[in-house]
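Mind the numbering: the sequence shown is residues 88 to 354 in our numbering, read in order. Please read the structure below before turning to the comments.
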Amino acid sequence: MGLQNQTKQFSDKQIGKYPYSIKKFILSHQTLLIYLVVVFNIPGLPGKMVNAQVFKPQWSAGIHSGLLVFYGDIKTNEFAPAIKGFNELRAGFGLQTTYSLNPMLSIRGSLTNGKLAGAKPSTDEYFIANILDYSVQALINLNGLFFYDYDYTPLDVYAIIGYGFVDFRTIKRKLSDDSFVRAFGYNPDGSKSTVITREMSIPVGVIVHSNLEQILNSNNYFLSQTDITLEFVLHNVNTNKLDADLTLREVRDKYSYFAFGLIYYLN
């Protein structure tokens, strides 16, 4: 049940009987003050998050590598990737650079290169695609929303939402005899054409940061400036062409990226 529906169940008089009610929490002066300080970085206000006063915008750069999974028409299972027979798990890697605007919001540029693959035995088809994904993403610090009363948390959790594009070449063939069916960016003989297909992509996901110095319990400057990351991002692509299948579907093609990374913060 949503927050709005829960609140509507009580009248104003009933709300007053619950000292820790949803309405009282949302409208409390302390909560509003914290949100103002964290989100808008307003200096001169008292409170636990007054650290925003001394916060300095900061650049960081990093690398990431992980696994790509396709979701669309040419796929063995609806969700889980097939591994035996035709392997639908494919590798990806990339670069990222991030600018921290304030304790709550960072802007990240992310570049991911890799492959997508899928097979559908029932129609005797498979596809393989090469992709280059690039996007600008907003990282929203969830610790600031839910753990604002803590000076230190071992994990920093961020929500991700962004906008970008994916360039790809994809080719579909028969599983039985490897004969050509359809392609975008390839010729029937398998050679690359001069045309690369480009489509809009909307990435959404979550990323978790943890400082290496804390993990290794070491007093080292380089480690203190370095975070290890774990992220899961779902890329919603505005096309059905990723698997070279032109079936008219209400749901567009998607792919997920599950990756580990390292980020170094620049002073």
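For each residue, glycine too, the CB sits at the ideal point set by N, CA and C. Predicted model, so just to flag it, every value in this text is computed and none were measured.
Residues near residue i in its chain [Cβ-Cβ closer than 7 Å; skip 5 each side]
i: Ser280; result: Gly272, Tyr273 and Asn274
i: Ser297; result: Pro241, Leu242, Asp314 and Ile315
i: Arg269; result: Lys259 and Ala331
i: Asn230; result: Thr240, Asp243 and Val244
i: Leu188; result: Pro144 and Ile194
i: Asn354; result: none
Cβ shell of residue i (< 6 Å), same chain only, five flanking positions each side left out
i: Thr334; result: Asp160
i: Tyr107; result: Per-residue confidence for Tyr107 stands at a pLDDT of 33, beneath the threshold of 50, marking its modelled position as unreliable; the derived number appears in the next sentence. So the list is empty, once near-sequence residues are dropped.
i: Asp332; result: Asp160 and Ile161
i: Ala76; result: With the chain covering only 88 through 354, there is no way to say anything about residue 76.
i: Ile248; result: Ala225 and Val291
i: His151; result: Gly181, Ala346 and Gly348
Cut-off 8 Å between Cβ atoms - residues of its own chain near residue i, not counting five sequence neighbours on either side
i: Phe166; result: Tyr158
i: Gly103; result: Because the pLDDT of Gly103 is 34, which lies under 50, any placement of that residue in the model is unreliable, and the number read from its coordinates should be weighed accordingly. The answer is none, since no qualifying residue turns up.
i: Ile72; result: Absent from the model: residue 72. The displayed extent of the chain is 88 to 354, so no value can be given.
i: Leu192; result: Val126, Ala225, Leu226, Ile227 and Asn228
i: Lys341; result: Phe157, Tyr158, Gly159, Leu321, His322, Asn323 and Val324
i: Leu114; result: Its pLDDT being 41, under 50, Leu114 is placed unreliably by the model, and nothing is read from it.
Nearest neighbour of residue i, chosen from the options [CA to CA]
i: Gly205; options: Leu262, Asn323 and His322; result: Leu262
i: Tyr344; options: Gly172, Gly201 and Met191; result: Gly201
i: Asn217; options: Asn307, Ile350 and Lys328; result: Lys328
i: Val338; options: Ala346, Phe347 and Val324; result: Val324
i: Gly153; options: Leu349, Ser278 and Leu353; result: Leu349
i: Tyr221; options: Phe252, Thr326 and Val244; result: Phe252
i: Ala246; options: Val320, Gln183 and Asn354; result: Val320
i: Val295; options: Leu317, Gly249 and Leu303; result: Leu317
i: Phe267; options: Pro290, Met287, Asp211 and Asn307; result: Asp211
i: Asp265; options: Ala346, Ser147, Tyr213 and Tyr308; result: Tyr213
i: Ile194; options: Tyr250, Arg177 and Gln301; result: Tyr250
i: Tyr219; options: Val293, Ser187 and Glu286; result: Here the sequence assigns Leu to residue 219, which means Tyr is not the residue at that position. Out of Val293, Ser187 and Glu286, Glu286 has the C-alpha closest to the C-alpha of Leu219.
i: Ala346; options: Ser187, Phe142 and Leu155; result: Leu155
i: Pro208; options: Lys171, Arg177, Pro290 and Leu188; result: Lys171
i: Gly149; options: Gly196, Ser305 and Asn307; result: Gly196
DSSP three-state assignment for residue i, whether helix, strand or coil
i: Asn228; result: strand
i: Thr240; result: coil
i: Thr257; result: strand
i: Ile247; result: strand
i: Leu299; result: helix
i: Pro275; result: coil
i: Pro290; result: strand
i: Phe233; result: helix
i: Thr210; result: helix
i: Phe252; result: strand
i: Asp220; result: strand
i: Ser152; result: strand
i: Lys143; result: coil
i: Ser266; result: coil
i: Ile215; result: strand
i: Asn200; result: strand
i: Thr281; result: coil
i: Gly205; result: strand
Anticipated Cβ contact below 8 Å, residue i with residue j, distance rounded
i: Gly181; j: Leu198; result: 5 Å
i: Leu232; j: Thr185; result: About 19 Å; that fails the 8 Å criterion.
i: Gln145; j: Tyr352; result: 6 Å
i: Glu300; j: Ser311; result: 4 Å
Closer than 8 Å to chain C by CB, residue i
i: Leu182; result: The structure shown contains no chain C; it holds only a single protein chain.
Proximity test, residue i beta-carbon vs the ligand NAD heavy atom, cut-off 7 Å
i: Ile150; result: With respect to the ligand NAD, the structure shown offers nothing to examine, as it has no ligands at all.
- Task: Would you mind listing the alpha helix (DSSP H) stretches within the stretch 308-354 that are 4+ residues and don't spill past its ends, in chain order?
- Result: Taking only runs of at least 4 residues, the alpha helix (DSSP H) segments lying wholly in the stretch 308-354 are 308-311.
- Give, in chain order, every unbroken run of the beta strand (DSSP E) that is at least 3 residues long and sits entirely within the stretch 162-195. Within the stretch 162-195, the runs of beta strand (DSSP E) that reach at least 3 residues and sit entirely inside it are, in chain order, 177-187.
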